[in-house]
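In our numbering, the protein residues as written are 60 to 173.
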């Protein structure tokens, strides 16, 4: 979700803390944890696309494991087509995400980027 979309949905701009350095869900977790500790925050709503929320959650759980920061995960639905049958792009994204999730399971963060 972009900051503009969050603001459009009623989230006050001053309540948003954006992390814009990361290139993967694991790096996002690391940078987000640092930001949260710096701002002394106790909870977060973590928004990711529906096709990689599982990998985001796996990475986040590992990064935040020694903290008491509460996390709520929200999958933002990504609509690629209006058919019930997957098109080539959807098949590609699904297989790519499955491969990356398996890599994350084995802690291969340094080898897997977005």
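Here a beta-carbon is modelled for each residue, glycine too, at the ideal position from N, C-alpha and C.
Residue environment, residue i, which counts as buried when at least 16 other CB atoms sit within 10 Å
i           : result
residue 114 : buried
residue 107 : buried
residue 84  : buried
residue 159 : buried
Nearest-angstrom Cα separation, counted from residue j out to residue i
i           : j           : result
residue 67  : residue 61  : 10 Å
residue 96  : residue 119 : 14 Å
residue 146 : residue 98  : 43 Å
residue 168 : residue 70  : 32 Å
residue 151 : residue 124 : 32 Å
Of the listed residues the options, nearest to residue i (C-alpha basis)
i           : options            : result
residue 134 : 148, 104, 122, 127 : 104
residue 149 : 122, 160, 137      : 137
residue 117 : 156, 152, 79       : 156
residue 122 : 166, 159, 151      : 166
Distance between beta carbons of residue j and residue i, contact taken as under 8 Å
i           : j           : result
residue 131 : residue 92  : The Cβ separation is near 15 Å, so there is no contact.
residue 164 : residue 110 : With 8 Å as the limit, residue 164 and residue 110 do not qualify as a contact, their Cβ atoms being about 17 Å apart.
residue 101 : residue 73  : With a Cβ gap of about 18 Å, residue 101 and residue 73 do not count as contacting.
Cut-off 7 Å between Cβ atoms - residues of its own chain near residue i, not counting five sequence neighbours on either side
i           : result
residue 81  : 87, 90
residue 77  : 62
residue 94  : 76, 78
residue 175 : Residue 175 lies beyond the stretch modelled for the chain, which goes from 60 to 173, so this question has no answer here.
Sequence-distant residues of its chain with Cβ nearer than 8 Å to residue i (five each side left out)
i          : result
residue 79 : none
Cβ-heavy atom distance, residue i to the ligand FAD, below 7 Å
i          : result
residue 83 : Absent from the structure shown: the ligand FAD. Ligands present: none.
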